[in-house]
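Scroll down for the structure; my scribbles are underneath it.
Numbering (the working numbering), first residue to last: 20 to 123.
Quick look at the structure:
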């Protein structure tokens, strides 16, 4: 974990310790976890349930790298984005165009 961020209304605040009953962002943990999970030091903790959203994307954009050599980086970032937000869908069209669709 590189950074721990507290989620505030309009921004993220870097912090050392997460106050009780707060949800935070752990930057860098996505490389170790392949699916949603709960990270805690409490031995009797239960996993938080994965929220299921039944909404369809309302916006779609085509995403292309500025330089073709950056395509592998773009693909990696889109994988992380899709994994971190269940309301985001990333896919590749038959033409090879990368599409990001979202619901909010």
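Where a beta carbon is used, it is the ideal one built from N, C-alpha and C, also for glycine. Keep in mind it's a predicted model, so treat the numbers as computed, not measured.
query, result
"Where the alpha helix (DSSP H) containing residue 99 begins and where it ends", "90 to 103"
"Residue 87, DSSP secondary structure in three states", "helix"
"Separation of residue 101 from residue 37, as counted between CA atoms", "25 Å"
"Neighbourhood of residue 70 by C-beta, 8 Å cutoff - its chain only, sequence neighbours within 5 removed", "105"
"Contact under 8 Å by Cβ, residue 47 with residue 26", "no"
"Rounded separation between residue 93 and residue 84 - CA only", "7 Å"
"For residue 64 and residue 76, the rounded distance between their alpha carbons", "34 Å"
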